[in-house]
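Heads up: the structure comes next, in structure tokens.
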Ligand code: GLN
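Set out below in structure tokens:
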């Protein structure tokens, strides 16, 4: 039951094979059994059961609200949830309880979906490992699955692997079957990166298609709510519910169509797939490269046009991203001053000393580092040299995409990450920030240009860990993008989530040790 798709669960409800409260209990149970993965910061047990009960009543009265009624979902802890703690995995907000729901959360609740809890992440969504939050690192459930353990002989509790980030908790909620869908955020890859490394679908919609109201900002000009599901069609259903104009976010745009379901048998013969040559980046693993070629060949054999294309400014995207990111971070984080809400440093010698103590104690060093860099880039004497230059590079990167899409390419096919997921011991040994910076090389360009992009799990690596491929589409052509992604999903033969579940059962035994 826990591994069904959204459509299947909805049907199971209507046929009376399971009730929303029974399903909610099963998920709550599983959250307890998988606690060691550290995916949730807050579990909303009482509220979940109440919402499930309401959904059950609607079903009994024959008035279910739609495909999400009664469906358990999880939310990254940087989306405001009314009367439910929203911490951004930071000491700064550890006791913050918002008085309102983010628009995307409200839309899910309006559809009758059942909130299971708030998920773990990198502090303020800065990172690529989900290792940098104040509640400790999130563990990848594939660590405990059969393939990884037999291929590597690893001892799960000492050799565990990371989830990617920064929305690792949400990816794990979906991968370990404690929620059917989860919200992440995606500023530079934070939904696609953990989606790829945890073997689930991770969608970053076009910028502006989903409201950011109530999403605690990282980089306003790039942030988008992300969607994690176990199938591409599920992502399309959720996108259909969440998209569209919001008066509370002036950057939103009207939805171009009202997709809910995708066509079962999409014809790729009229589709042109672009393979960007610059994405053959240093550090790309052999396994990932092999999957990338395999899927490109599949397209070719099915009659799609597959063309090598060039995005010449790709090499500048990481630097461009970090200058713009830090600039916006410095400005966004200014609101955390210990006065209105959040942590306050207990120093009363002067206002300045109170600010300093608040921000020193409240933020981790990643956040403080970005604030410092951002303020440096924005100094009067540096502004032209860094911030304005990065804005110009941003335009060049966007123009690269425009010219490729303008020449007839419909969708780009690329790797999502350089390699499969790292062991925590390796990830934390290297300079974490350097690693984090490199890992986003394939994902950040889509944020810089505002394009829709999705990761689809395609295979297990030789280490028995998931590898995802990314598809990037034209702006606001999210539905076409998902149709192509579903075509890939139907053909790659990624092990089903229930196979992964075999490992989960073992995990429950080993974790008792
Ligand atoms: N890893 C990138 C960063 O640290 C992207 C994060 C994100 O998408 N939220 O900024």
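In the working numbering, the protein residues as written are 401 to 913.
Yeah, the Cβ is synthetic: ideal placement off N, Cα and C, and Gly gets one too.
Short of 7 angstroms in beta carbon distance, which residues of its chain neighbour residue i, apart from the five on each side in sequence? Order them along the chain.
i	result
residue 617	623, 732
residue 881	811, 852, 854, 871, 873
residue 538	437, 438, 439, 520, 530, 563, 568, 569, 572
residue 742	492, 493, 496, 736, 762
residue 726	770, 773, 774, 777
residue 611	503, 504, 646, 648, 649, 652
residue 887	666, 668
residue 418	401, 412
residue 808	672
Given that a residue counts as buried once 16 or more other Cβ atoms are within 10 Å of its Cβ, and exposed if not, what is residue i?
i	result
residue 429	exposed
residue 520	buried
residue 460	exposed
residue 937	Examination of residue 937 is not possible in this model, given that the chain is present from 401 through 913 alone.
residue 780	exposed
residue 589	buried
residue 739	exposed
residue 642	buried
residue 647	exposed
residue 457	exposed
residue 893	exposed
residue 683	exposed
residue 913	Interpretation of residue 913 is limited by its pLDDT of 27, a score under 50 that renders its predicted location unreliable; no figure is taken from the coordinates.
residue 555	exposed
residue 401	exposed
residue 411	exposed
residue 501	buried
residue 806	exposed
residue 640	buried
Determine which residues share a DSSP beta bridge with residue i and list them.
i	result
residue 585	625
residue 518	442, 475
residue 372	The first residue shown for the chain is 401 and the last is 913, placing residue 372 beyond what the model contains.
residue 553	Paired residues: none, contrary to the question.
residue 823	561
residue 797	Its beta-bridge partners do not exist; DSSP assigns none.
residue 867	859
residue 814	870
residue 792	Per DSSP, none; premise fails for residue 792.
residue 853	604, 872
residue 539	562
Would the beta-carbon of residue i be found less than 7 angstroms away from any heavy atom of ligand 1?
i	result
residue 714	no
residue 527	yes
residue 590	yes
residue 765	no
residue 711	no
residue 448	no
residue 717	no
residue 725	yes
residue 576	no
residue 477	no
residue 618	yes
residue 606	no
For residue i, which residues in the same chain have their Cβ closer than 6 angstroms to its Cβ, ignoring the five residues on either side in sequence?
i	result
residue 855	592, 595, 596, 602, 816, 868, 870
residue 859	691, 867
residue 724	790
residue 578	427, 430, 431
residue 819	685
residue 452	420, 421, 424, 514
residue 704	668, 671, 673
residue 907	Below a pLDDT of 50, predicted positions are generally treated as unreliable, and residue 907, at 46, falls in that range; no measurement from the model is reported.
residue 804	674, 709
What residues in its chain sit with their C-beta under 8 angstroms from that of residue i, if we drop five residues either side in the sequence?
i	result
residue 903	Its pLDDT being 46, under 50, residue 903 is placed unreliably in this model, and the coordinates cannot settle the point.
residue 510	465
residue 747	753, 754, 756, 757
residue 534	487, 489, 490, 491, 494, 523, 764
I'd like the ranges of any alpha helix (DSSP H) spanning at least 4 consecutive residues and lying wholly in the segment 422–500. 445–460
Please go through the segment 699–769 and give each complete alpha helix (DSSP H) segment of 4 or more residues, from N-terminal end onward. Entirely contained in the segment 699–769, the alpha helix (DSSP H) runs reaching 4 residues are, in chain order, 717–732, 751–762.
Threshold first: 3 residues or longer. Then list the beta strand (DSSP E) segments lying entirely within the segment 632–677, N to C. 672–676
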